[in-house]
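J.:
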Amino acid sequence: MSDIEGEKPTKFARYCNKKKINFLTLEYSGHGKSYGKFTNGNISKWTNDAKKLIKKKFKEKNLIIIGSSMGSWIALNLIKVFNKQIRGFIGIGSAPEFLERLMWNKFTKKIKNTINKKKIYHMKYGDYTYPLTKQLFLDGKKNKVLKTKLKLNIPVTMFHGAKDDVVPTSFSKKALNIFPNAKKKLFIIKSGDHSLSKKNYLNKICKELDKMIKNII
Numbered sequence: 010m011s012d013i014e015g016e017k018p019t020k021f022a023r024y025c026n027k028k029k030i031n032f033l034t035l036e037y038s039g040h041g042k043s044y045g046k047f048t049n050g051n052i053s054k055w056t057n058d059a060k061k062l063i064k065k066k067f068k069e070k071n072l073i074i075i076g077s078s079m080g081s082w083i084a085l086n087l088i089k090v091f092n093k094q095i096r097g098f099i100g101i102g103s104a105p106e107f108l109e110r111l112m113w114n115k116f117t118k119k120i121k122n123t124i125n126k127k128k129i130y131h132m133k134y135g136d137y138t139y140p141l142t143k144q145l146f147l148d149g150k151k152n153k154v155l156k157t158k159l160k161l162n163i164p165v166t167m168f169h170g171a172k173d174d175v176v177p178t179s180f181s182k183k184a185l186n187i188f189p190n191a192k193k194k195l196f197i198i199k200s201g202d203h204s205l206s207k208k209n210y211l212n213k214i215c216k217e218l219d220k221m222i223k224n225i226i
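Convert by adding 9 to the 1-based position in the sequence shown; the result is the number in this note's numbering.
1. Out of Tyr-134, Lys-121, Thr-157, Tyr-137, which has the shortest C-alpha to C-alpha gap to Lys-143?
2. Report the rounded CA-to-CA distance for Lys-93 versus Lys-54, giving the unit in angstroms.
3. Between Asp-174, Ile-88, Phe-168, which lies nearest to Lys-9 when the distance is taken from Cα to Cα?
4. So, helix, strand or coil for Pro-164, using DSSP?
5. Leaving out the 5 sequence neighbours to the left and right, which residues in its chain are closer than 8 Å to Ala-22 when beta-carbon positions are compared?
6. Using C-beta distances below 7 Å, list every residue in its chain close to Ile-88, excluding the 5 sequence neighbours before and after it, in chain order.
7. Taking its Cβ as the centre, do 16 or more other Cβ atoms sit within 10 Å of Gly-135, making it buried, or is it exposed?
8. Find out if the Cβ-Cβ distance for the pair Gly-41, Thr-48 is shorter than 9 Å.
9. Using DSSP bridges, identify the partner residues of Tyr-139.
10. Any idea if Glu-106 is buried or exposed, counting beta-carbon neighbours within 10 angstroms, 16 or more meaning buried?
11. Let me know if Tyr-130 comes out buried or exposed under the rule of 16 or more other beta-carbons within 10 Å of its beta-carbon.
12. In angstroms with no decimal places, state the Cα-to-Cα distance between Gly-230 and Lys-70.
13. Where are the alpha helix (DSSP H) runs, 4 residues long or more, that stay fully inside the segment 101–128, in chain order?
14. Tell me which residues share the same chain as Lys-156 and place their Cβ nearer than 6 Å to its Cβ, disregarding the 5 neighbours each side in the sequence.
15. Between the Cα of Ser-43 and those of Ala-191, Asp-174, Gly-170, Asp-12, spot the shortest distance and give me the residue it belongs to.
16. Identify every residue that forms a DSSP beta bridge with Phe-188.
17. DSSP three-state label for Leu-227, please.
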């Protein structure tokens, strides 16, 4: 439920503006101030949101995709679509297939019954209440990516906080395994949380982004 005005997209927008590089970010439908209801969304729909916007607004031949948390899962879907244009991928606290692996499989029978019968469960976590729908979990199963092999010879870099209490660091390692031919890096940030939105973390990510861009040029 992140919005377009968060620390990460703001930082990357400033970076790209300074480097005179085209930059595109988006809110998925039902997020932030964007149209639609969150409860109508799912991985397929949000992937399609991003795909349509990239095709409409971005005519560049060289694309570097940055995905954070669920965005990293969606990025993996997009890399399959735009594979001939992808020149690099950065994942932040990557959470591919989290709906089943980190949520559904750990839910109690009571929660699962609520979702199956009422089609929705309101989960409180931190400052948010997440309305989790049955269709969201069913759609997640249709978007499995961890057994996929994307044989792209590109730089793929994962950043993950060692103190991430939402997504285990093993998920970033699993995401790297999708790219057998890539130039892979994994940065485990010792004091980092899930979002990695602090200035020093974002500066480190931008340094890696800078290396990717120089490789293209």
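Don't be surprised by glycine CBs; every beta carbon is placed ideally from N, CA and C. Since we're looking at a predicted model, the values are computed, not measured.
T.: To lay it out plainly:
1. Lys-121
2. 22 Å
3. As shown, the chain starts at 10 and ends at 226. That puts residue 9 outside it, with no answer to give.
4. strand
5. Phe-32, Thr-34
6. Ile-74, Ile-95, Phe-98, Leu-159
7. exposed
8. no
9. Met-132
10. buried
11. buried
12. Outside the modelled stretch of the chain, which goes from 10 to 226, sits residue 230, for which no answer is possible.
13. 118–127
14. none
15. Asp-12
16. Bridge partners of Phe-188: none, in fact.
17. The requested residue 227 is not part of the displayed model; the chain covers only 10 to 226.
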